[in-house]
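Here the sequence shown stands for residues 1 to 427, numbered as in UniProt numbering.
Even for Gly, the Cβ is constructed at its ideal location relative to N, Cα and C.
In this text the structure is predicted, and so the values were computed from the model without any measurement.
First up is the structure itself, then whatever we jot down about it.
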Amino acid sequence: MLKSHKYWLGLFWMAAIFVLPLPLIQTLSQGMQNTINMSNLFASQIGIIAYVWMLFAIAISIKPKWIDKLIGLPEMYFVHGILGVSAIVLAFTHKMMLQSSGLIKQTGDIALIIFIGIAAYSIFFMSGWLTSRSKVLRKIKTTIEKILSYEVSVWLHRLNIVATLLVFAHVILIPYIVTITPFMTLFFVYSGVTAVMYLYYHFGKPLLARHGQLIANKKLAHSVTELVIRLNKNAQIHPGDFVYISFPEVDGFKEMHPFSILRYDQAQRELVFAIRNWGDFTAKLDKIPVGAKVKIDGSYGRLSESIKENEGKHLVFIGSGVGSVPLISLTRSLIDKHKVSFIRVASKQEDLIYESDLQDLAVKNPNLDYASQVGRLKENQVKTIVAKNRNSFYIVGGSTPMMVGTMKLLQDAGVRKADIYGEKFNF
Numbered sequence: 001m002l003k004s005h006k007y008w009l010g011l012f013w014m015a016a017i018f019v020l021p022l023p024l025i026q027t028l029s030q031g032m033q034n035t036i037n038m039s040n041l042f043a044s045q046i047g048i049i050a051y052v053w054m055l056f057a058i059a060i061s062i063k064p065k066w067i068d069k070l071i072g073l074p075e076m077y078f079v080h081g082i083l084g085v086s087a088i089v090l091a092f093t094h095k096m097m098l099q100s101s102g103l104i105k106q107t108g109d110i111a112l113i114i115f116i117g118i119a120a121y122s123i124f125f126m127s128g129w130l131t132s133r134s135k136v137l138r139k140i141k142t143t144i145e146k147i148l149s150y151e152v153s154v155w156l157h158r159l160n161i162v163a164t165l166l167v168f169a170h171v172i173l174i175p176y177i178v179t180i181t182p183f184m185t186l187f188f189v190y191s192g193v194t195a196v197m198y199l200y201y202h203f204g205k206p207l208l209a210r211h212g213q214l215i216a217n218k219k220l221a222h223s224v225t226e227l228v229i230r231l232n233k234n235a236q237i238h239p240g241d242f243v244y245i246s247f248p249e250v251d252g253f254k255e256m257h258p259f260s261i262l263r264y265d266q267a268q269r270e271l272v273f274a275i276r277n278w279g280d281f282t283a284k285l286d287k288i289p290v291g292a293k294v295k296i297d298g299s300y301g302r303l304s305e306s307i308k309e310n311e312g313k314h315l316v317f318i319g320s321g322v323g324s325v326p327l328i329s330l331t332r333s334l335i336d337k338h339k340v341s342f343i344r345v346a347s348k349q350e351d352l353i354y355e356s357d358l359q360d361l362a363v364k365n366p367n368l369d370y371a372s373q374v375g376r377l378k379e380n381q382v383k384t385i386v387a388k389n390r391n392s393f394y395i396v397g398g399s400t401p402m403m404v405g406t407m408k409l410l411q412d413a414g415v416r417k418a419d420i421y422g423e424k425f426n427f
């Protein structure tokens, strides 16, 4: 991971885990000192830490641009997932340590049940972290997705908001807690700020969203579709970025989904995507009619930023299938001024999309060293690549298993972890 990137990621974790809960912990401690409820202090502090972590997980789920530029959305969603699961563990511990009754108990218990259920569902269906590491689980997920659509998954995930509201009610129902004015003031501020952020993202930001129209939809291969979207106004988009798009008037495509940008023609205001038809949301992309209205959120991504942070190093891109789309975008934008080695692999020949374009580009531009093959890179091939490209910065693009495996091979061949980067779409 890059030095500045690692620095900001560390600060992000520190703020989430230690700094944010501290004011609430302190005011709660002061308010319960020397009272008959003093024995409940530690369990109450555990509960409030869980609540703050859940609020933070909600706050970062709205994809703040400044956080994306500092640490990237993949890392941000990783924090989102870890904090969410950790909050559930703390909430369960809190429940085991304290006895309650009536509405206080009911609101807490129902919230915990919802959190546990949605966490289990999300780890399996939405994060990709678990299924990317097991072919069996991936097959089970694909089968069940035929019943539970992507849109259903998104709405189920939003039950976390209901659970958080129940926790809010749980706290304000506790008599000895609501008498601690400094604590309750902070409690309402934390909850209110999170609510405003969430409501703005879902109701205010859509009013300012960029819109466009689908002007071309064609098959590049059996399982890859190219979409061309014309924006209603120009956008600031960097090579290698991705955006969230939805088709608000097409059933099954009304929820936002992230896709890497292949090319952005600023003069024509045209975005070009190459998308694999794999999974519930993307399986029927080729059926969306030309002329369909599109909503766009973004762009996002740190690939261009990571290259700036490694100025002066030779660039080596390793891509697989449609995971090479952002690398193609980067290559086209860089080769006039930078030397780039670009290695592409695919499971079958037809998945090497835009192959002739890249070969022609390599012939015409001496700054591009391009190679491709059907089948994974072997250990000896990676060692050869590393030996030829000393003092290089590597960007890897592809499925999560491919990226994890390739990054390990690069490190085994002697490349420092700090000189390897990639954005895993586990969200």
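Cβ shell of residue i (< 6 Å), same chain only, five flanking positions each side left out
i	result
Lys-408	none
Ile-229	Gly-212, Leu-214, Leu-271 and Val-294
Trp-13	none
residue 440	Given that the chain is displayed from residue 1 to residue 427, the structure contains no residue 440 and the question cannot be resolved.
Leu-11	none
Pro-182	Thr-27
Asp-59	The question names Asp, but residue 59 is Ala in the sequence shown. These residues qualify, in order along the chain: Thr-194 and Met-197.
Phe-115	Ile-88 and Ala-163
Option in the options with minimal Cα separation from residue i
i	options	result
Ala-54	Val-290, His-80, Lys-348 and Pro-64	The sequence as given places Met at residue 54; Ala does not occur at that position. Among Val-290, His-80, Lys-348 and Pro-64, the Cα nearest to that of Met-54 is on His-80.
Leu-377	Val-363, Leu-368, Ile-343 and Glu-355	Ile-343
Val-152	Phe-183, Thr-35 and Phe-253	Phe-253
Lys-424	Pro-326, Tyr-51 and Gly-47	Pro-326
Leu-410	Thr-384, Ala-91, Val-162 and Thr-400	Thr-384
His-170	Asp-251, Ile-82, Lys-65 and Ile-110	Ile-110
Arg-416	Val-404, Gly-397, Asn-391 and Gly-405	Asn-391
Val-363	Gln-381, Pro-206, Ile-335 and Asn-380	Ile-335
Asn-234	Ala-221, Leu-41, Ile-67 and Ile-296	Ile-296
Phe-42	Met-97, Thr-331 and Ile-161	Met-97
Val-167	Ile-288, Leu-186 and Thr-107	Thr-107
Tyr-200	Lys-388, Ser-356, Pro-64 and Ile-46	Pro-64
Val-340	Ile-49, Tyr-244 and Ile-318	Ile-318
Val-290	Leu-227, Ser-299 and Asp-351	Leu-227
Tyr-176	Gly-31, Ala-16 and Leu-165	Gly-31
Asn-380	Trp-155, Thr-406 and Glu-350	Thr-406
Ala-221	Ile-172, Pro-239 and Asn-277	Asn-277
Leu-73	Tyr-190, Gly-301 and Ile-123	Gly-301
Ile-174	Lys-105, Ile-62, Ile-82 and Gly-323	Lys-105
Asn-160	Gly-397, Ser-61 and Asp-357	Ser-61
For residue j and residue i, believed in contact at Cβ under 8 Å, the rounded distance
i	j	result
Ser-306	Tyr-421	5 Å
Ser-304	Met-402	That pair is no contact at about 22 Å.
Ile-261	Ser-329	6 Å
Asn-217	Ile-288	6 Å
Leu-186	Arg-210	Between Arg-210 and Leu-186 the Cβ distance is about 37 Å, and since that is not below 8 Å, they are no contact.
Residue range of the alpha helix (DSSP H) that includes residue i
i	result
Gly-192	181 to 199
Ser-44	41 to 60
Val-178	175 to 178
Val-171	159 to 172
Arg-332	325 to 334
Ser-392	That residue, Ser-392, is in no alpha helix (DSSP H); its beta strand (DSSP E) goes 392 to 397.
Ser-100	Taken as a continuous stretch (DSSP letters only), Ser-100 belongs to no alpha helix (DSSP H), as it is neither H nor E.
Ile-385	379 to 388
Val-404	400 to 412
Leu-20	Run containing Leu-20: none; DSSP gives neither H nor E here.
Cβ-based neighbour list, residue i, same chain, cut-off 7 Å, excluding 5 preceding and 5 following
i	result
Ala-119	Gly-84, Val-85 and Ile-88
Leu-112	Ala-91, Phe-92 and Lys-95
Lys-205	none
His-338	Leu-315 and Asn-367
Leu-20	Val-52 and Phe-56
Asp-248	Here residue 248 turns out to be Pro, not Asp, going by the sequence shown. Answer for Pro-248: Lys-254, Lys-293 and Lys-295, listed in chain order.
Ala-413	Val-382, Lys-383 and Val-386
Asn-389	His-314, Val-316 and Ser-341
Ser-100	Gly-108
Extent of the continuous beta strand (DSSP E) run through residue i
i	result
Val-250	Unbroken run through Val-250: none, as it is neither H nor E.
Phe-259	257 to 260
Asn-217	210 to 221
Val-316	314 to 320
Asp-265	263 to 265
Asp-360	That residue, Asp-360, is in no beta strand (DSSP E); its alpha helix (DSSP H) goes 355 to 364.
Sequence-distant residues of its chain with Cβ nearer than 8 Å to residue i (five each side left out)
i	result
Gln-359	Tyr-370
Leu-2	Because Leu-2 sits at a pLDDT of 45, beneath the cut-off of 50, its placement in the model cannot be relied upon, and the point is left open.
Lys-313	Asn-391, Ser-392, Phe-393 and Asp-419
Ile-246	Note on residue identity: the sequence assigns Ser, not Ile, to residue 246. Same-chain partners within the cutoff: Phe-253, Lys-254, Glu-255, Met-256, His-257, Val-294 and Lys-295.
Asn-365	Ile-335 and Asp-336
Which residues DSSP lists as bridging residue i, in chain order
i	result
Ala-91	Partner(s): none; Ala-91 has no beta bridge.
Ile-343	Ile-318 and Ala-371
Thr-225	Lys-219 and Ile-275
Phe-242	Ser-260 and Tyr-300
Ile-420	Tyr-394
Val-294	Gly-212
Glu-270	Arg-230 and Asp-265
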